[in-house]
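Participant: Read in my numbering, the sequence shown has 74 at position 74, and its numbers run on one by one without any break.
Glycine included, every Cβ here is placed at the ideal spot set by N, Cα and C.
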Amino acid sequence: TRVESDEEAIEYVGAYCQLYREDALYLERTAPWIDRVGLSFVTEQLVDDEANRKALHARFLVSQLKTQNDPWKERAEGAQSHQFEVITQ
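What follows is the structure, encoded as structure tokens:
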């Protein structure tokens, strides 16, 4: 499937992650999961069913509200910038 925008690509990725989170067995990695359920199952859930894809993506976004941290945000805002100052005597 070809997507039309970055936002649509992000929606597909988020929906895929959520589908995997909801459907995979505990500790089952993505490749064995797809082998077990079949690529056609994933296609049906994400490509053929737009409403389901959007719902999966929405649930993924909710799941990330408390857990998703940007590891570079503090540095970009100047935290620990003193590490890069010239030492003078």
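(1) Ordered along the chain, which non-local residues of its own chain (more than five positions away) have a Cβ less than 6 Å from that of E22?
(2) Among the residues of its own chain, which have a CB less than 8 Å from the CB of L61, if the five just before and after it don't count?
(3) Mind listing, in chain order, the continuous alpha helix (DSSP H) runs of no fewer than 4 residues lying wholly within the segment 1–50?
(4) Taking buried to mean at least 16 other C-beta atoms within 10 Å of its own C-beta, is R53 buried or exposed?
(5) In whole angstroms, what is the alpha-carbon distance linking Q64 and L25?
(6) Would you tell me roughly how many angstroms separate the C-alpha atoms of D55 and E8, rounded to the nearest one?
(7) Please name the residue, chosen from Y16, H57 and A79, that lies closest to T43 on a Cα-to-Cα basis.
(8) Just reading off the alpha helix (DSSP H) that K73 is part of, what are its end residues?
Facilitator: Let's see:
(1) For E22, there are no CB contacts under 6 Å within the same chain when 5 residues up- and downstream are skipped.
(2) These residues qualify, in order along the chain: G14.
(3) Assignment of alpha helix (DSSP H) within the segment 1–50, counting only whole runs of 4 or more residues, yields 6–23, 30–37 and 39–46 in chain order.
(4) Per the 10 Å Cβ criterion, buried.
(5) If you draw a straight line from the Cα of Q64 to the Cα of L25, it comes to about 20 Å.
(6) Correcting the residue identity first, residue 55 is Ala in this sequence and not Asp. Taken atom to atom, the span from the alpha-carbon of A55 to that of E8 is near 14 Å.
(7) T43 has its Cα closest to that of Y16, out of Y16, H57 and A79.
(8) Taken as a continuous stretch (DSSP letters only), the alpha helix (DSSP H) holding K73 covers K73 to A76.
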